[in-house]
Structures are given as C-alpha cells and as structure tokens.
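Right, one structure below, let's go through it.
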Ligand code: GLU
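Residue numbers (the working numbering): 1 to 290.
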C-alpha cells in the first residue's frame, strides 16, 4: 500500500466528455483509492483543438453527474504558459533546443526522400534537417522573423542522460532511447508549449506519482521520460490501459457523438448504467456495446 499515491485525469477539452475519457478517469480514481491516495484533475487546454471554454464546463458537469470526483483544485494549463516558458529557456540555454523553419510539406518531402514512414502513434518523425544549420543562417532567419518552432535535440539529450528506464505497471521496465523518436516540437508561436512539455512539467508540479492513461500514449512516454531526465524532474510510474473499441475493433473516437456522456444521458442512461457498460466492455477486452 502506497499512502502517498497521487494520480491524475488530464483531459483535453476538445469536445464533450466521452466514454473513453470516463475509462481514463476511472483508472486514475481507482488506483488512487486502492492506495488511499489522491486523484487530481488537470485541464489540458493549450492546443488548437481546445479553444472553446464551454467544453471545460460541460466536461466538469458530466464528471460530477457520473459521480467522479477529484481532489483539490483543478490545474488549468492555459494559466501556466510562464512556467513552460521557464523550462524552455532552461533547455535553450543548455543548447538542447533548436529553431526549425521547415514547413509540414518540406518535412513530408524530406521523409519521402529518406524512405521513412510515420511512427504509428507519433506521426512524422522530423529528420533533424534544421539541427545542422550554420549559426549565422539561424540568426539571419530569426532576425527576418521567419516562422519557426522549437525542437528538442534528441541527440544532445541522449548525450546528457543516456538511455534511462521507466516503469509501466502492465508492461514492466522500459528503456527510453531518446533518439528513437525524432526531434519533437516543444513550442510554436501560436502555442508556446507543446503537450509533451506541459504534461511533464505539470505531472511534476502536481506531485503525480502514477500516470494512468491510454495505450495510445505509450510511445509518448519515452519522450516524456527523456524530458524528465533533462529537466531533472521526478519520474512517475506509468500504467497504460487498453482503449475502448467498437464491435468492428475500431478505436472509439471523440467524433463518435453517440458515445458522449451527454448523448447517453439524453437517451435515458443513468450513471450506474454507464459504469456497468464500462465494466462489461473491459471484461470483453475493451469492446464497447452501448
Ligand atoms: N490530454 C490528453 C488527452 O486528453 C491525455 C494526456 C495524458 O494523460 O497524459 O488525450
């Protein structure tokens, strides 16, 4: 029994609360409860898909209706850009970030030339083109205001931290090889902190000891472990849970409006019906049938 277990549910409010969210929230709550710990809420509202504040209020109302409660005051990422900026400044000062001026189209063409396919869950992996630009070219482009993002130089990261391990409760100890995932974007002009940066900084700030989340984020955890290494942050234990699927085995997506909690409530389902369906789905290997 770990009395000090802290978990979190960290939805991106880009639409209505969905049965997939409920599974993630339940996993976090159950693990905390099993150890007499706490389960926190974090609103991950910094990306382009989460710009309508109404979704946050709706999500919170749906969670309360389901009887899912969280400890303490929710953390809201939109209010924390200053904290992310300090982490970026630190990485930049240590030569671990570089500006990248490539457009999406250019990256696709570079990858096609190299014959590289996108990573299943991480998408295109940047081939590192701008990491070797001469300093005077970089200065010239920055001075001219050329659009750019900031990427984490994974080769340098690996020089600093090597290949550290992290623990997954379901899959055991994993080794993170920073260079295996490409130089990820940590900031853009429109969104001055990426998901990868914010999640790592905030898990540490909230004192999260156990991160429970869907299997789709398993690969991202390697990136997060690398960031924890260079930022000197504590490393939580991870538990990636299975995702809900439909009868055809296709992953339930947020766009499947019929699986939103609001639509199930309107169709007459009570909170306990939804929780029962979720338990049944898990017994059937994640196949959701309502
Ligand atoms: N905000 C992410 C989502 O809604 C989850 C992030 C995480 O659990 O680390 O998919």
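Beta carbons are placed, not taken as given, at the ideal position from N, Cα and C, and that holds for glycine.
The C-alpha of residue 197 lies about 6 Å from the C-alpha of residue 186.
Residue 138 has its alpha-carbon roughly 43 Å from the corresponding atom of residue 57. Per DSSP, the continuous alpha helix (DSSP H) segment holding residue 63 begins and ends at 54-66. Of the candidates 133, 149, 218, 218 places its Cα closest to the Cα of residue 173. Per the C-alpha coordinates, the member of 204, 116, 227 positioned closest to residue 155 is 227. Judged by DSSP secondary structure, residue 12 falls outside any alpha helix (DSSP H); it is assigned neither H nor E. Taking C-beta atoms as the reference points, residue 148 and residue 189 count as a pair closer than 9 Å. Proximity to residue 108 across 179, 88, 39, 129 peaks at 129, based on C-alpha coordinates.
In this structure the region 83-93 does not lie against the region 117-137, because fewer than three pairs of beta carbons, one per stretch, are closer than 8 Å.
The three-state secondary structure of residue 172, taken from DSSP, is strand. Around residue 277, the same chain offers 290 as residues with beta carbons nearer than 6 Å, after the five sequence neighbours per side are excluded. Residue environment for residue 30: exposed (fewer than 16 other C-beta atoms within 10 angstroms of its C-beta). Residue 231 places its beta carbon less than 9 Å from that of residue 200.
Residue pairing of residue 251 in beta bridges, as defined by DSSP: 245.
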